[in-house]
Amino acid sequence: MVAALAAVVGANHVLAGAASLAAYSYDATGLKRRPHAVVLPGSAQEVAGVVQVAEAFGLPVVPRGAGTSLSGGAVPVHGGVVIATSRLNRIVSFNAKNRMVVVEPGVTNLRLQEFLRPRGFFFAADPSSYRVSTIGGNVAENAGGPHCLRYGVTTHHVLGLKVVLAGGRLVNLGGPAEDWPGYDLAGVLTGSEGTMGVVTEITLRVLPLPQSSRTFLVAFPSVDDAASAVSDMIAAQLLPGAIELMDQPSIRLVNAAVGAGYPEEAGAVLVVDLEGLAGEVVAQAQIMREICQRHHAVSVDEADDPVRQEALWRGRRAHYGAMARATRTGHVWIQDVTVPRQHLPEMFRRVLAIGERYGLHIDCAAHAGDGNLHPSIPFDPHDPDELARLYQADQEIMAACLALGGSITGEHGVGFEKIENMRLMYGPSELAMMREVRRVFDPHELFNPGKAVPGPADEKRGVWLFAVDRT
Ligand SMILES: Cc1cc2nc3c(=O)[nH]c(=O)nc-3n(C[C@H](O)[C@H](O)[C@H](O)COP(=O)(O)OP(=O)(O)OC[C@H]3O[C@@H](n4cnc5c(N)ncnc54)[C@H](O)[C@@H]3O)c2cc1C
Numbered sequence: 001m002v003a004a005l006a007a008v009v010g011a012n013h014v015l016a017g018a019a020s021l022a023a024y025s026y027d028a029t030g031l032k033r034r035p036h037a038v039v040l041p042g043s044a045q046e047v048a049g050v051v052q053v054a055e056a057f058g059l060p061v062v063p064r065g066a067g068t069s070l071s072g073g074a075v076p077v078h079g080g081v082v083i084a085t086s087r088l089n090r091i092v093s094f095n096a097k098n099r100m101v102v103v104e105p106g107v108t109n110l111r112l113q114e115f116l117r118p119r120g121f122f123f124a125a126d127p128s129s130y131r132v133s134t135i136g137g138n139v140a141e142n143a144g145g146p147h148c149l150r151y152g153v154t155t156h157h158v159l160g161l162k163v164v165l166a167g168g169r170l171v172n173l174g175g176p177a178e179d180w181p182g183y184d185l186a187g188v189l190t191g192s193e194g195t196m197g198v199v200t201e202i203t204l205r206v207l208p209l210p211q212s213s214r215t216f217l218v219a220f221p222s223v224d225d226a227a228s229a230v231s232d233m234i235a236a237q238l239l240p241g242a243i244e245l246m247d248q249p250s251i252r253l254v255n256a257a258v259g260a261g262y263p264e265e266a267g268a269v270l271v272v273d274l275e276g277l278a279g280e281v282v283a284q285a286q287i288m289r290e291i292c293q294r295h296h297a298v299s300v301d302e303a304d305d306p307v308r309q310e311a312l313w314r315g316r317r318a319h320y321g322a323m324a325r326a327t328r329t330g331h332v333w334i335q336d337v338t339v340p341r342q343h344l345p346e347m348f349r350r351v352l353a354i355g356e357r358y359g360l361h362i363d364c365a366a367h368a369g370d371g372n373l374h375p376s377i378p379f380d381p382h383d384p385d386e387l388a389r390l391y392q393a394d395q396e397i398m399a400a401c402l403a404l405g406g407s408i409t410g411e412h413g414v415g416f417e418k419i420e421n422m423r424l425m426y427g428p429s430e431l432a433m434m435r436e437v438r439r440v441f442d443p444h445e446l447f448n449p450g451k452a453v454p455g456p457a458d459e460k461r462g463v464w465l466f467a468v469d470r471t
C-alpha cells in the first residue's frame with residue numbers, strides 16, 4: 001500500500017515509520033491509535049488518488065488538519081490512512097469586491113487572519129486554537145470562538161466547498177454567489193467532522209474590520225454576579241463581539257503562568273469586546289458599565305489600542321496552556337457543554353459540586369455570551385482510579401447540562417469522545433436519519449469511521465479513556 005500511495009503523492013510524502021505513525025496517532029485529547037500510513041498530498045487530484053488506494057486496500061481515510069481537536073476527531077481509531085493537509089496550504093484568491101477568500105484546507109486560521117487584516121477584513125470564526133488550527137479543521141468541526149457571539153460560527157461564513165468523496169469523486173458544493181440553488185450540501189458538509197469526505201478547497205465569506213473596538217476586563221465578587229451581568233447584557237440587546245468568563249482558580253492560574261495581571265481576589269472576571277461604529281461602541285459601553293455596576297463589579301479596566309487590548313485578552317487566551325503546564329502530567333480534560341445563557345450560574349455551581357464529589361480540581365472558563373462552558377480537569381492518564389473518577393464526573397457534567405436544557409457540545413464536536421453521548425440527545429429515528437445522510441456521501445463508511453454519529457448496534461463503551469491504546 002505504501003508503494004501505491006507513493007505512486008500518487010511521491011515517496012517523500014508518505015510516512016510509514018514507527019515515529020511518524022506515533023506522531024499522527026493522537027490529537028489534543030491525548031487519545032491515541034496508530035494509523036497504517038500518513039500521506040501529505042499536494043493537490044485535490046492527489047487526495048482523490050489516495051482515497052482510491054485506501055479504498056482498494058479496504059482501509060479507512062482520516063482527514064487531519066493541525067490535530068487540535070478536543071473530541072478525538074483526528075484520531076484514527078480504526079487505523080487506516082491519515083490524510084494530513086499541511087501541504088494544501090495555499091491562499092488561492094481574495095476578492096474584496098465580493099468579500100470572499102478561497103483557501104486550501106491546510107491554511108491556518110492565524111495565517112488567514114494575518115492575510116486579511118492589512119486588507120481591512122477578517123474571518124469571523126476565531127477558535128482559541130486559531131494560531132495553529134486549520135481552516136479545513138474549522139470547517140469540519142464547524143468551529144466557534146470568542147467572537148462568534150456577534151458574528152456566528154464557521155458555517156455562517158462558508159460559501160462553497162470542493163470535496164473528495166468515496167471513489168475519489170471530486171464535487172463542488174455551493175459557490176461564490178450569496179445564494180445557491182438546490183440543497184445546501186456545503187452546509188451539510190460543514191461540521192461533519194471528516195465523516196463524509198476530504199475538503200480540498202473552501203470559499204469563505206469575510207467581514208470588514210469593525211471601525212472601532214474596545215476591550216473591557218471587569219472583575220466581580222462571584223461567578224453568579226458575572227454570569228448574571230452577562231444575561232442582563234444579552235437581554236438589554238447589547239451585541240458584544242465577545243464575552244468571556246473566568247472563575248477565580250483560572251484567574252490565579254493565568255496570573256501565575258503568564259503574568260496576566262487579572263484582579264487576584266476577584267471571584268470571576270469578564271473579558272468583553274465591544275465593536276462596531278464608534279458612536280455605537282460608546283453607547284454600548286455606557287449601558288454595559290451600568291449593568292456591571294448593578295451586579296457589584298469591583299473594577300473595570302478598558303483599552304482601545306490593539307496592544308493594550310491584547311494584554312487584557314492575554315490571560316483568557318493562555319488559559320488552556322497555563323493549565324496544562326501547571327499540572328503534574330501535562331494532561332487536561334476539557335469539557336465543552338452549552339446551556340441556555342440564563343442557566344450559566346447554575347451550571348457553574350453544579351460543575352464545581354461534581355468536582356468536589358469526585359475529588360477532582362476543576363477550573364472553568366466560558367464563552368459566556370453563548371452559554372458555552374469549558375470545565376477543565378487536570379488528570380493523570382496512568383492512574384486508573386483517577387481516570388474512572390474523571391469519566392464519572394464527565395458523564396455527570398453532561399447529564400447536568402442536559403437537565404438544564406443544554407447541549408453536550410458547544411463547539412468541540414462529537415468526534416470519538418462523545419459519540420455514545422449522542423444517544424442522550426437524540427432518539428433512534430434521528431440517529432438513523434443522520435446515518436442515512438452520511439451514507440449518501442460515504443456509502444461504505446470509509447471516511448473517519450467511529451466518529452460523530454453512533455452506529456445502530458454500538459454498545460456503551462464504559463470508561464472511554466481506556467477504550468483506545470494510550471501507549
Ligand atoms: C487550546 C485549544 C483551544 C480550542 N478552542 C476552540 C474554540 O475556541 N472553538 C472551537 O470551536 N474549537 C476550539 N478548539 C478545538 C479545535 O481547535 C477546533 O475543533 C479546530 O477547528 C480543529 O482544527 P484542526 O486543524 O486542528 O483539525 P484536526 O484536529 O486536525 O481535525 C478535526 C476534525 O476535522 C477533520 N478534518 C480536518 N481537516 C479536514 C478536511 N480537510 N476535510 C475533512 N475533514 C477534515 C478531522 O478528520 C477531524 O474530525 C480548541 C482546541 C484547543 C487545543
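Under my numbering, the letters of the sequence shown match residues 1 to 471, in that order.
Even for Gly, the Cβ is constructed at its ideal location relative to N, Cα and C.
- DSSP, reduced to helix, strand and coil, places asparagine 12 within a helical segment of the structure shown.
- Measuring C-alpha to C-alpha distances from proline 210 to each of Ala452, Glu275, Pro340 identifies Glu275 as the nearest.
- Under DSSP, the beta-bridge partners assigned to cysteine 364 are Pro375.
- In the structure shown, phenylalanine 115 falls within a helical segment according to DSSP collapsed to helix, strand and coil.
- According to the DSSP secondary-structure assignment, serine 407 is paired through a beta bridge with Thr338.
- Within 10 angstroms of the beta-carbon of asparagine 142 lie 16 or more other beta-carbons, which makes it buried.
- At a Cβ-Cβ threshold of 8 Å, proline 378 and valine 307 do not count as neighbours.
- In this structure, serine 20 lies away from valine 414, with their beta-carbon atoms at least 8 Å apart.
- Between the stretch 303-317 and the stretch 339-352 there are fewer than three inter-stretch CB-CB distances shorter than 8 Å, so the stretches are not counted as touching.
- Nearest in C-alpha terms to proline 63, of all of Pro35, Phe57, Val158, is Pro35.
- Contact annotation: the stretch 235-247 does not touch the stretch 172-190, with fewer than three C-beta pairs closer than 8 Å.
- Contact between the stretch 419-433 and the stretch 24-41 is absent, with fewer than three C-beta pairs closer than 8 Å.
- Non-local beta-carbon contacts of phenylalanine 220 in its own chain, meaning distances under 8 Å to residues more than five positions away in sequence, involve Ala226, Ala229, Ala266, Gly267, Ala268, Val269, Leu270, Cys292, His295, His296, Ala297, Val298 in chain order.
- When the five nearest sequence neighbours on each side are left out, the beta carbons in the same chain lying within less than 8 Å of the beta carbon of glycine 455 are those of Arg435, in order along the chain.
- Per DSSP, the unbroken beta strand (DSSP E) holding proline 63 starts and ends at 61-64.
- For asparagine 172, the closest alpha carbon among the candidates Leu161, Phe123, Glu178, Gly182 is that of Leu161.
- Where asparagine 138 is concerned, the enclosing alpha helix (DSSP H) starts and stops at 135-141.
- Distance between asparagine 255 and glycine 10, taken at the CA atoms: about 48 Å.
- The nearest non-hydrogen atom of ligand 1 is less than 7 Å from the C-beta of asparagine 448.
- Per DSSP, glycine 49 lies in no beta strand (DSSP E) segment; the continuous alpha helix (DSSP H) that holds it begins and ends at 44-56.
- A residue is called buried when at least 16 other Cβ atoms come within 10 angstroms of its Cβ; alanine 84 meets this threshold and is buried.
- Of the candidates Leu31, Asp224, Val153, Ala283, the residue whose Cα lies closest to the Cα of cysteine 364 is Asp224.
- Separation of proline 127 and arginine 111 (C-alpha to C-alpha, rounded to the nearest whole angstrom) is 13 Å.
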